[in-house]
Amino acid sequence: MKKKTVLLDQAAMERALTRIAHEIVEKNKGGDHLVLVGIKTRGIPLTKRLQEKIRQIEGITVPTGELDITLYRDDLEEVTADKDPELKGAEIDADLKNKKVILIDDVLYTGRTVRAAMDAVMDIDRPSQIQLGVLVDRGHRELPIRADYVGKNIPTSDEEVIMVQLREVDEQDDVSIYEK
Numbered sequence: 001m002k003k004k005t006v007l008l009d010q011a012a013m014e015r016a017l018t019r020i021a022h023e024i025v026e027k028n029k030g031g032d033h034l035v036l037v038g039i040k041t042r043g044i045p046l047t048k049r050l051q052e053k054i055r056q057i058e059g060i061t062v063p064t065g066e067l068d069i070t071l072y073r074d075d076l077e078e079v080t081a082d083k084d085p086e087l088k089g090a091e092i093d094a095d096l097k098n099k100k101v102i103l104i105d106d107v108l109y110t111g112r113t114v115r116a117a118m119d120a121v122m123d124i125d126r127p128s129q130i131q132l133g134v135l136v137d138r139g140h141r142e143l144p145i146r147a148d149y150v151g152k153n154i155p156t157s158d159e160e161v162i163m164v165q166l167r168e169v170d171e172q173d174d175v176s177i178y179e180k
């Protein structure tokens, strides 16, 4: 990969997450009956950050969870051709039945990860609703999936790669675009 361009720095990322938190609270008329579920890997720290921002806005702590969609992927054979899949499972401390589950991920691209996450959630329980929040929507959908909450829309070509770095995983916060 070559030619890195930073699209969101740490401050811009924080503003986007603050806006998403406000939109979640507004659309759902508060934080009651919500569960934020982060999709492994970078969706998990984003979920924790959104939980804290909602706590600051509403004064309540929305339950969170973590979801590993590895075994739900429709390209599992391609992804794990050389090795066995590493399964982390789901860690969700809240009952999902009749709750509004908001899936959180870093980048929305084809929609296949989100489809797999919805399948995993439905195997756990039946929420009243599933919503989607992403830091970046880069387009190129292969499935009829759209995000309810988007930090930034970044139209890309198939020759570009969006890289989200988070301090909890990568020791810095930014969103960059690379050419393949």
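Note that full-length UniProt numbering gives residue 162 to position 162 of the sequence shown, counting from 1, and the numbers run on in steps of one.
Built from N, CA and C at the ideal position, the CB exists for glycine as well.
Model, not experiment: these values are computed from the prediction.
Comparing alpha carbon positions, the residue from Arg55, Gly65 and Val107 closest to Pro155 is Val107.
Rounded to whole angstroms, the gap between the alpha carbons of Tyr178 and Arg141 is 19 Å. Gly139 and Gly43 have their alpha carbons spaced roughly 18 Å apart.
Comparing C-alpha distances from Asp9 to each of Val164, Ala94 and Glu168 shows the shortest one belongs to Val164. Gly30 and Tyr72 have their C-alpha atoms some 31 Å from each other. Collapsing the DSSP output to three states places Leu50 in a helix. Within the DSSP bridge table, the entry for Lys100 names Leu34 and Gln129 as partners. For Glu26, the enclosing alpha helix (DSSP H) starts and ends at Gln10 to Lys27. For Glu168, the uninterrupted alpha helix (DSSP H) segment begins and ends at Arg167 to Asp170. In this structure, Leu50 is the residue among Leu50, Glu58 and Thr70 with its C-alpha nearest to the C-alpha of Thr64.
The alpha-carbon separation between Gln131 and Thr5 amounts to approximately 30 Å.
Counting C-beta atoms within 10 angstroms of its own C-beta, Gly151 has 16 or more neighbours from the protein chains shown and is therefore classed as buried. In the three-state reduction of the DSSP assignment, Ala116 falls in the helix class, which pools H, G and I. Counting along the chain, Thr64 sits inside the beta strand (DSSP E) bounded by residues Thr64 to Leu67. For Thr113, the number of other beta carbons within 10 angstroms of its own is at least 16, and it is reported as buried.
Of the candidates Lys97, Gln129, Met13 and Leu67, the residue whose Cα lies closest to the Cα of Asn28 is Gln129.
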